[in-house]
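Going down the list, the sequences are from chains S and C. Last residue of the first sequence? That's 110 in the working numbering, and every number before it is there in order. Last residue of the second sequence? That's 110 in the working numbering, and every number before it is there in order. Glycine is no exception: its CB is placed at the ideal position from the N, C-alpha and C atoms. These numbers come from a predicted model, not from an experiment. This report refers to the structure that appears directly beneath it.
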Amino acid sequence: KAGVTQTPRYLIKTRGQQVTLSCSPISGHRSVSWYQQTPGQGLQFLFEYFSETQRNKGNFPGRFSGRQFSNSRSEMNVSTLELGDSALYLCASSLTTGRTEAFFGQGTRLTVV
Amino acid sequence: AQRVTQPEKLLSVFKGAPVELKCNYSYSGSPELFWYVQYSRQRLQLLLRHISRESIKGFTADLNKGETSFHLKKPFAQEEDSAMYYCALYKDSNYQLIWGAGTKLIIKP
Chain S
-2 KAGVTQTPRY LIKTRGQQVT LSCSPISGHR SVSWYQQTPG QGLQFLFEYF SETQRNKGNF
58 PGRFSGRQFS NSRSEMNVST LELGDSALYL CASSLTTGRT EAFFGQGTRL TVV
Chain C
2 AQRVTQPEKL LSVFKGAPVE LKCNYSYSGS PELFWYVQYS RQRLQLLLRH ISRESIKGFT
62 ADLNKGETSF HLKKPFAQEE DSAMYYCALY KDSNYQLIWG AGTKLIIKP
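Structure follows, in structure tokens:
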């Protein structure tokens, strides 16, 4: 079966702009989590969605938001981009929760200039 | 606060030598721990989880609640084990995986 798909793979944006990243989970998976990965900070949890409901949000400013659709696809949005938002954004899907295996996408590399 | 600590950013061993990647955690409840691995140019993927008590690719990890550790071990390292390894703790109360900073394992020929 198809794995987790993230689009786009690479993105270059200017400070102040906003960006939307997309994640298509494995078919049948209802939980989608988002992470920011940077060399200095490792994987930082952004948020988790299950059946269109955000169940948890990490310690990120309100500029970071997300949503999940009825087909479990998820998007995350970052508004008013800052240079420090440059990172690899990873999406992971699970059947129900992170207690079961999390399957990761290849990530979206965001560069803010 | 819940935390996962991987004290070594980089671990380099020779092929055939034993490997131990350290992971310590702090968690007030009953922990559920995982090891994830990322090979070069590949996705992050599950290696093993403590509840399964299984050996994957020769790796094992035992949960030691007394020492709050979940170290990953392999008796004889192979070159294909070179990768980034992450220890993670599942926090049931808010559906969150808490990650260590990762250890880069390099196996020298």
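Scanning C:Q43, C:G101, C:K58 and C:Q79 for the CA closest to the CA of C:L34 turns up C:G101. Using a Cβ-Cβ cut-off of 7 Å, C:E33 is close to R96 of chain S, given in chain order. Excluding five sequence positions before and after C:S83, the CB atoms of its chain that fall closer than 7 Å to its own CB belong to L106, I107 and I108, given in chain order. As summarised for the region 8 to 74 of chain S, the continuous beta strand (DSSP E) elements at least 3 residues long and confined to that stretch are 16 to 21, 28 to 35, 39 to 47, 50 to 54 and 61 to 65, given in chain order. For the C-beta of C:W36, not a single chain S residue is nearer than 7 Å; the gap to the nearest is close to 12 Å. Collapsing the DSSP output to three states places S:L92 in coil. Relative to C:H51, the option among C:L45, C:S70 and C:S29 whose CA is nearest is C:S70. Taking a Cβ-Cβ threshold of 7 Å, the residues of chain S close to C:G103 are G39, in chain order.
Nearest in C-alpha terms to C:M85, of all of C:V20, C:N95 and C:L11, is C:L11. Annotation: the continuous beta strand (DSSP E) that includes C:L11 extends over L11 to F15.
For C:Y96, there is no enclosing beta strand (DSSP E), as DSSP gives it neither H nor E. At least one CB of chain S lies nearer than 8 Å to the CB of C:L98. Note that the C-beta distance between S:T105 and S:R6 is below 8 Å. Scanning its chain for C-beta atoms nearer than 8 Å, with the 5 sequence neighbours on each side dropped, one finds around C:S56 the residues L49, in chain order.
Taking 8 Å as the Cβ-Cβ cut-off, the region 44 to 55 of chain S approaches chain C at E45, F47, R52, N53 and G55, given in chain order. Taking C-beta atoms as the reference points, S:Q3 and S:Q103 count as a pair closer than 8 Å.
DSSP lists C:D63 as the beta-bridge partner residues of C:H72. Taking every protein chain shown into account, the CB of C:G103 has 16 or more other CB atoms within 10 angstroms, so this residue is buried.
The region 6 to 20 of chain C makes no contact with the region 55 to 63 of chain S, as fewer than three CB pairs between them are under 8 Å. Not a single CB atom of chain C sits nearer than 8 Å to the CB of S:L18. Inclusion of S:N53 and C:Q43 in the CB contact set at 8 Å is not warranted, their separation being larger than that value. Scanning S:S67, S:N68, S:A84 and S:S69 for the CA closest to the CA of S:V75 turns up S:A84.
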